[in-house]
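Peer 1: Protein chains in written order, with the working numbering: chain A, 1 to 247; chain B, 248 to 685. Sharing a structure below in structure tokens format, with a few things to ask.
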């Protein structure tokens with residue numbers, strides 16, 4: 001993800017969610033961007049890396065929004081988080097004219113849990129969960145994903161660390177069984193050997209570095225293969241002509 | 248008489264000139280006159296499970312993308328960028344709603360539409376944005392998807408002619424729909440592709456070439472029923488398609504033995520079929536069948552294992568073979584295991600039978616270097632009798648060769664005339680509603 005292009009500093013904005021204010025970072029691009037991605041992180045887990053990831057997405061033509069939906073309320077509440085994500089999607093539509101399947105979602109930790117729920121509940125282009133939280137245990141009223149995850153309509157990629165105590169192999173296998181065949185959409189599971197759930201951070205260890213590098217490549221590829229690209233003005237004119245000639 | 252086929256009805260004798268197996272001009276003519284003209288098997292619908300799933304395949308030398316679009320509809324695309332020709336997709340399989348040509352970055356959707364052109368302002372506003380190209384015709388019959396590069400080809404159901412019924416006999420073996428099992432056998436043979444077509448419906452070679460396999464089966468406790476093995480007929484099905492069809496006791500003849508529980512499950516399944524389709528049809532279903540759909544699709548149903556085999560000619564003396572296992576998904580573990588065992592130990596490229604065939608075919612091909620000194624191969628077996636030839640005879644090969652000859656040389660040879668086979672080989676399917684009560 002190292003880049004020779006200048007680093008872009010995202011704007012800091014506030015988005016209203018059910019009477020609360022959610023602080024959001026937004027990175028806009030000039031020209032005709034490829035698509036938009038909403039990045040759901042945990043502030044204490046991603047830290048400043050979120051800016052680097054947004055720039056990494058920008059290298060491939062994606063505008064982005066980043067937020068920590070867990071910050072909505074004192075306890076992480078899935079329904080509130082999905083409402084927050086819907087507000088972010090609306091914001092992308094209002095501010096940048098991005099809609100539905102032109103938008104991808106990637107979530108880390110609790111954000112990964114919400115990305116999986118979003119893949120089942122919202123109309124998106126693609127979704128990625130990295131080390132989604134509450135996989136096999138119930139916490140603060142949130143049911144384990146292995147018991148509650150619903151089949152997805154949005155293509156979903158889940159990535160896990162083999163040494164993540166919160167993602168034991170049996171639980172990942174149960175989630176796979178729960179999603180793969182029953183889901184109308186395509187799903188994929190990747191588990192990285194020798195790493196914990198924070199494998200998306202740079203590491204001096206060979207396996208850690210490999211997991212960070214490979215997982216980011218998979219994220220970009222996942223979006224490139226599925227997020228609906230924004231048509232250029234020339235493409236829109238062509239589509240219009242085609243529609244007229246076929247009407 | 249054509250230079251390739253000697254169809255002497257007086258002696259009688261049927262011979263194929265070995266030049267057909269070695270001559271590059273014949274090979275080129277096959278591409279133009281056969282593979283560019285008829286329906287060709289591409290794949291099975293159940294290989295593509297989700298929207299935007301795809302496989303890349305070669306058919307008649309053309310690289311194709313066989314996939315489902317975002318709505319789940321089957322689509323087939325020529326795997327070449329309409330811009331400058333690079334392959335859009337270089338993966339054997341995967342899932343993608345959009346594919347981007349790595350050469351100049353043009354992107355296409357799984358419905359074939361050009362969705363993105365880098366720097367498209369450099370093209371004029373009226374520039375025609377080309378989508379992906381498609382074969383002239385795409386159609387499917389009971390899950391088997393075919394393409395044709397001939398826009399004037401006859402409808403698929405007409406082309407399949409009598410072979411359609413044999414596909415029904417296989418497809419009816421599942422209430423849920425027969426499914427291709429994940430995974431394939433892929434192997435190559437240094438021999439002319441037509442030799443494997445012949446071999447696939449050649450009952451005569453089984454005992455001599457596959458002795459090892461039969462010994463293994465007998466060692467596992469199976470008593471081979473010689474009388475049942477002789478209950479088979481060879482039939483031409485029209486348009487060059489042909490079959491070796493076994494009688495009701497031939498299904499499962501070669502498989503490893505089942506436990507009592509496995510036998511009971513199988514018996515119960517077939518009892519249900521009897522209620523649905525009638526005894527006569529299910530008796531036919533219970534028999535084995537080696538089916539060739541002209542020119543290069545083979546479906547062999549031993550009832551406890553169905554192999555679908557696509558034969559791709561790459562050179563006069565070289566072919567590639569892809570084989571899949573077709574299963575009824577509702578079967579229990581033991582019946583599934585028996586199928587997998589058959590797929591591995593009989594049909595597998597490292598199994599106990601396919602290597603015998605490969606060895607036989609490759610020695611044929613090497614010996615064809617002397618085709619000028621020894622020009623003819625004999626395919627006359629079963630030609631003389633009045634009765635319908637049996638499965639160890641060679642009518643089914645002759646039917647295929649006569650179609651090949653007609654398409655390559657224009658010479659149309661009449662079908663052989665034999666007494667009709669027993670009614671048990673021709674009974675029709677009866678639907679439940681049509682059957683007598685009680």
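Virtual Cβ for every residue (Gly too), placed ideally from N, Cα, C. As the structure is a prediction and not an experimental result, all values here were calculated from the model.
Going along the chain, which residues of its own chain have a beta-carbon closer than 7 Å to the beta-carbon of residue 662 of chain B, five neighbours each way excluded?
Peer 2: The residues are 483.
Peer 1: Using a cut-off of 7 Å between C-beta atoms, extract the partners of residue 337 of chain B located in chain A.
Peer 2: The premise fails here: residue 337 of chain B is roughly 13 Å from chain A at the closest Cβ pair, so nothing lies under 7 Å.
Peer 1: Go ahead and label residue 349 of chain B buried or exposed: buried means 16 or more other beta carbons lie within 10 angstroms of its beta carbon, across all protein chains shown.
Peer 2: Residue 349 of chain B comes out exposed.
Peer 1: Just tell me which of B:435, B:623 and B:371 has its CA closest to the CA of residue 559 of chain B.
Peer 2: The shortest C-alpha separation from residue 559 of chain B is found at B:435.
Peer 1: Just checking: is the beta-carbon of residue 685 of chain B within a distance shorter than 8 Å of some beta-carbon in chain A?
Peer 2: Unreliable positioning characterises residue 685 of chain B in this predicted model, as indicated by a pLDDT of 49, which lies under 50. The coordinate reading is nonetheless provided below. Cβ-Cβ to chain A under 8 Å: no for residue 685 of chain B.
Peer 1: Listed in chain order, which residues of the region 215-226 of chain A have Cβ atoms closer than 8 Å to some Cβ of chain B?
Peer 2: Correct list: 224, 225 and 226.
Peer 1: Tell me whether the beta-carbon of residue 59 of chain A lies closer than 8 Å to the beta-carbon of residue 29 of chain A.
Peer 2: Not in contact: residue 59 of chain A and residue 29 of chain A (Cβ atoms no closer than 8 Å).
Peer 1: So does the region 285-300 of chain B actually touch the region 313-323 of chain B, counting three or more Cβ pairs closer than 8 Å?
Peer 2: Judged by Cβ distances under 8 Å, the region 285-300 of chain B makes contact with the region 313-323 of chain B, as three or more pairs qualify.
Peer 1: Count Cβ pairs between the region 201-210 of chain A and the region 221-241 of chain A that sit closer than 8 Å; are there 3 or more?
Peer 2: Segments in contact, no.
Peer 1: Can you say whether residue 12 of chain A is buried or exposed, counting buried as having 16 or more other CB atoms within 10 angstroms of its CB?
Peer 2: The residue is exposed, with fewer than 16 neighbouring Cβ atoms inside 10 Å.
Peer 1: Is it true that the CB of residue 448 of chain B sits closer than 8 Å to the CB of residue 489 of chain B?
Peer 2: Yes, these two residues count as a Cβ contact at 8 Å.
Peer 1: Using a Cβ-Cβ distance under 8 Å, would residue 229 of chain A count as near chain B?
Peer 2: So, interface residue.
Peer 1: Note down the Cα distance separating residue 659 of chain B from residue 252 of chain B, rounded to an integer number of angstroms.
Peer 2: Near 11 Å, if we compare the C-alpha coordinates of residue 252 of chain B and residue 659 of chain B.
Peer 1: Hey, how far is the Cα of residue 593 of chain B from the Cα of residue 600 of chain B?
Peer 2: Those two C-alpha atoms are separated by around 5 Å.
Peer 1: Say whether chain A places a C-beta atom closer than 8 Å to the C-beta of residue 370 of chain B.
Peer 2: Answer yes: the Cβ-Cβ gap between residue 370 of chain B and chain A drops below 8 Å somewhere.
Peer 1: Residues bridged to residue 322 of chain B by DSSP?
Peer 2: Paired residues: B:314.
Peer 1: Inspect the beta-carbon positions of residue 494 of chain B and residue 514 of chain B and report whether they are closer than 8 Å.
Peer 2: Result no, Cβ atoms of residue 494 of chain B and residue 514 of chain B do not sit closer than 8 Å.
Peer 1: Quick test of your reading: residue 647 of chain B and residue 487 of chain B, contact by CB under 8 Å. State the CB separation rounded to the nearest angstrom.
Peer 2: Indeed, because the Cβ distance is near 5 Å, the residues count as touching under 8 Å.
Peer 1: Leaving out five residues before and five after residue 397 of chain B in sequence, what residues of the same chain have Cβ atoms less than 8 Å from its Cβ?
Peer 2: So the qualifying residues of the chain are 283, 284, 285, 383 and 384.
Peer 1: Mind listing which residues of the region 183-195 of chain A have their C-beta closer than 9 Å to chain B's C-betas, in chain order?
Peer 2: The residues in question are 183, 184, 185, 186, 187 and 188.
Peer 1: To the nearest angstrom, how far is it from the Cα of residue 250 of chain B to the Cα of residue 267 of chain B?
Peer 2: Looking at the two C-alpha atoms, the distance is approximately 9 Å.
Peer 1: On the premise that residue 496 of chain B lies in contact with residue 472 of chain B, defined as a C-beta separation below 8 Å, what is that separation, rounded to the nearest angstrom?
Peer 2: About 6 Å; that satisfies the 8 Å criterion.
Peer 1: With distances taken from CA atoms, which of A:245, A:19 and A:233 is nearest residue 33 of chain A?
Peer 2: The option with the nearest alpha carbon to residue 33 of chain A is A:233.
Peer 1: To the nearest angstrom, how far is it from the Cα of residue 631 of chain B to the Cα of residue 644 of chain B?
Peer 2: Cα-Cα distance, rounded: 15 Å.
Peer 1: Hey, out of A:93, A:184 and A:121, whose CA is closest to residue 81 of chain A's CA?
Peer 2: With distances taken between Cα atoms, residue 81 of chain A lies closest to A:121.
Peer 1: How would you call residue 372 of chain B, buried or exposed, if buried means at least 16 neighbouring beta carbons within 10 angstroms?
Peer 2: Per the 10 Å Cβ criterion, exposed.
Peer 1: Sort B:429, B:303 and B:567 by Cα distance to residue 324 of chain B and report the nearest one.
Peer 2: Of the listed residues, the one whose Cα sits closest to residue 324 of chain B is B:303.
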